[in-house]
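What follows is a set of notes on a single structure, which appears directly below.
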Amino acid sequence: AQRVTQPEKLLSVFKGAPVELKCNYSYSGSPELFWYVQYSRQRLQLLLRHISRESIKGFTADLNKGETSFHLKKPFAQEEDSAMYYCALASYGKLTFGQGTILTVHP
Amino acid sequence: DAGVIQSPRHEVTEMGQEVTLRCKPISGHDYLFWYRQTMMRGLELLIYFNNNVPIDDSGMPEDRFSAKMPNASFSTLKIQPSEPRDSAVYFCASSLAILARRFNEQFFGPGTRLTVL
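For the protein sequence lines, the chains are A and B, in the order given. Residue numbers -18 to 88, in the working numbering, belong to the letters of the first sequence in order. Residue numbers 202 to 318, in the working numbering, belong to the letters of the second sequence in order.
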């Protein structure tokens, strides 16, 4: 069965510091992975997907099949990045989400 | 388009009462999903529909939970009888059909915060 693990429930950094939100997955097939974000008082929304290989709001995520990871990174965190982040794996027509990481960026 | 619409936004009820949550997906979307969000378990998929037909309800916690989609523009999630442990935020999401084996983006509603006393 597929599984997504986000080991950090809470992550705090200072503005301008690098940030990495960890995500590991377990899946027997070829994975399709996403990062979703939920800012305060806003809806959960797609941040990026691995097949797009794009950078959104300065964030990037590289799929590492050897380590079964899809960590989300940003070299210089901003206060507006504070939010709940979910990693998700697509399979059999549905998404399996991790437990989420609350990122707080301090001024 | 107003996006996915959910009602009510907040619901407070007493244990044993019936609760009905409502969702209107984005027009033209083929898939509808119901999720539950708690601090302990994160975001869990309860059930999803494709073209109004339930496809996978393995995430529905127990028989007290039921979901329907009578037409393409409306779905309900019902809890009867409700219990305090059902307190959570319930999200509805919709997406277009899967094409070329590529999973389409899910668009989420604002959620319903349910409190069962």
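Ideal Cβ positions, reconstructed from N, Cα and C, are used throughout, including at glycine. Remember, predicted model here, so these are calculated numbers, not experimental data.
Do you know whose CA, among A:Glu61, A:Lys46, A:Phe51, A:Lys75, lies nearest Ile83 of chain A's CA?
-> A:Glu61
Select from the stretch 306 to 317 of chain B all residues with a C-beta closer than 9 Å to any C-beta belonging to chain A, and list them in chain order.
-> Glu306, Gln307, Phe308, Phe309, Gly310, Pro311, Gly312
For chain B, find out if any of its Cβ atoms is closer than 8 Å to the Cβ of Phe78 of chain A; answer yes or no.
-> yes
Starting from the Cα of Pro255 of chain B, find the closest Cα among B:Glu263, B:Ser267, B:Leu244 and give me that residue.
-> B:Ser267
Smallest Cα separation from Glu215 of chain B: which of B:Ala298, B:Glu306, B:Ser283?
-> B:Ser283
Beta-carbon proximity list for Asn251 of chain B, same chain, < 7 Å, skipping 5 on both sides | Cβ within range, chain order: Asp231, Tyr232.
Buried versus exposed call for Leu34 of chain A [16 or more other C-beta atoms within 10 Å across all chains shown] | One point to set straight first is that residue 34 of chain A is Arg, not Leu, in the sequence displayed. Answer is exposed; the Cβ neighbour count stays below 16.
Short check: CB of Ser11 of chain A to CB of Arg(-16) of chain A, under 8 Å?
-> no
Chain A residues whose Cβ lies nearer than 8 Å to that of Asp258 of chain B | Result: empty, since nearest Cβ-Cβ is about 11 Å, beyond 8 Å.
Identified DSSP bridge partners for Ser296 of chain B = B:Tyr232
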